[in-house]
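First the structure, in the form of structure tokens, and then the observations on it.
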Amino acid sequence: MTRRWSIAICGLVAVVLVSLAFVVMVPVSVLSADPAMACTISPPSASPGATAAPPTWPGQGSWSSEQVGNAAAIVAVGAELNVPRSGWEIAVATAMQESTLRNLGHLGADNDHDSLGLFQQRPSQGWGTPEQILNPRYASRKFYERLLDVDGWQTMPLTQAAQAVQRSAFPDAYGRWQSEAEQLVTAISDGLGIVCTSDGGDGIPPVDDEGLPEGFMLPADPQLRAVVAFALAQRGKPYVWGAEGPDSYDCSGLMMAAWAKGGVRIPRVTADQVHTGVAVPSLTAMLPGDLIFIPGSDGTMSRPRHVGMYIGVDGSGRQYLVQAPKTGDMVKVTTVSRWSRQVAAVRRPSKQ
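Using this note's numbering, you'd call the opening residue of the sequence shown number 133 and step up by one each time.
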């Protein structure tokens, strides 16, 4: 689908957009990326059937007002569908590559087959009618529908996720826009007043608590023993987003409370915990108490949003972790192997 474009796009100057009135059309279908995640856009739409009247967006860096407005439509639809922010960035970067954020009609001899619109979607390949594809909101929604059908898209590099949707002849081209897409999404999100909340779940199918494995022993180090023993003592307590104990926990709340028992104060949220202490180079180098980070239901490999704690091995050397998985689940023990293909980072909180 992707064309070769000769337009030179300079670096984006990050400018926070002023708050602008934006009437959002609420989707009528039940498609939603994550029922545990909810995004609001301020001000909200006037009515469920309201038709969006595009505001005049300020140009940003080399992106014109028209281009920023098209990106805003992509972001707004993603927020309405409760797609994690990383999905908005993938969509905007894709449109940057496919159309330079211009809603392109048929270009005659210069057209790539029957490709149209922001994402150069093709009526002949089932994306919709030409009229539908040339509606930025419709085109954005179709992109997200196909992205959400890609198994494991949140753990993929942006280029791979975009290519899984677009099937471009130039599959490596999308990555060049990642930085600019992230900056533009941030500016638009601020301008629209988008606020998203999520339980930050692990995004992994549920599994029964595997229990303490045969041959498992608490670490001999007194500090690590206190940390791991506390975390294990919380098994069976429910996951509640934002909870820090003592009756319920979310993933990062459990980690903070456990390390507090070891006399170490670590940040409250996963986004900050991933920078705490020192990096551990590999899973084989882990010590009990180390924090293991994965993208989870609303993060990426570069910005993980779920965390668990390594607790040690069983008699055969198999590694285990303890975590608070997601809403409707409880603190439990599971094998590290269930996470091994999507580990974004391992950190060792500094010992006092």
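Ideal Cβ placement from N, Cα and C applies to all residues, glycine included.
Remember, predicted model here, so these are calculated numbers, not experimental data.
DSSP state of residue i mapped onto helix, strand, coil
| i | result |
| --- | --- |
| residue 346 | coil |
| residue 297 | helix |
| residue 216 | coil |
| residue 274 | helix |
| residue 425 | strand |
| residue 464 | strand |
| residue 172 | strand |
| residue 444 | strand |
| residue 410 | strand |
| residue 280 | helix |
| residue 419 | coil |
| residue 400 | coil |
| residue 189 | coil |
| residue 364 | helix |
| residue 253 | strand |
| residue 373 | coil |
| residue 285 | helix |
Residue range of the beta strand (DSSP E) that includes residue i
| i | result |
| --- | --- |
| residue 451 | 451-455 |
| residue 234 | From DSSP, residue 234 is part of no beta strand (DSSP E); its letter is neither H nor E. |
| residue 479 | 477-480 |
Beta-carbon gap between residue i and residue j smaller than 7 Å
| i | j | result |
| --- | --- | --- |
| residue 271 | residue 249 | yes |
| residue 350 | residue 365 | no |
| residue 380 | residue 369 | yes |
| residue 229 | residue 309 | yes |
| residue 422 | residue 412 | yes |
| residue 347 | residue 446 | yes |
| residue 192 | residue 319 | yes |
| residue 449 | residue 424 | no |
| residue 221 | residue 314 | yes |
| residue 172 | residue 327 | yes |
| residue 213 | residue 276 | yes |
For residue j and residue i, the rounded distance between their alpha carbons
| i | j | result |
| --- | --- | --- |
| residue 442 | residue 419 | 7 Å |
| residue 477 | residue 374 | 22 Å |
| residue 316 | residue 397 | 35 Å |
| residue 305 | residue 283 | 21 Å |
| residue 469 | residue 215 | 27 Å |
| residue 377 | residue 452 | 22 Å |
| residue 324 | residue 455 | 35 Å |
| residue 278 | residue 479 | 34 Å |
| residue 260 | residue 371 | 41 Å |
Residue i: CB within 6 Å of a non-hydrogen atom of the ligand MN
| i | result |
| --- | --- |
| residue 382 | Looking for the ligand MN in the displayed structure turns up nothing, as the structure carries no ligands at all. |
Boundaries of the alpha helix (DSSP H) in which residue i is found, first to last residue
| i | result |
| --- | --- |
| residue 393 | 383-393 |
| residue 266 | It is not in any alpha helix (DSSP H) - residue 266 carries neither H nor E in the DSSP assignment. |
| residue 320 | 310-324 |
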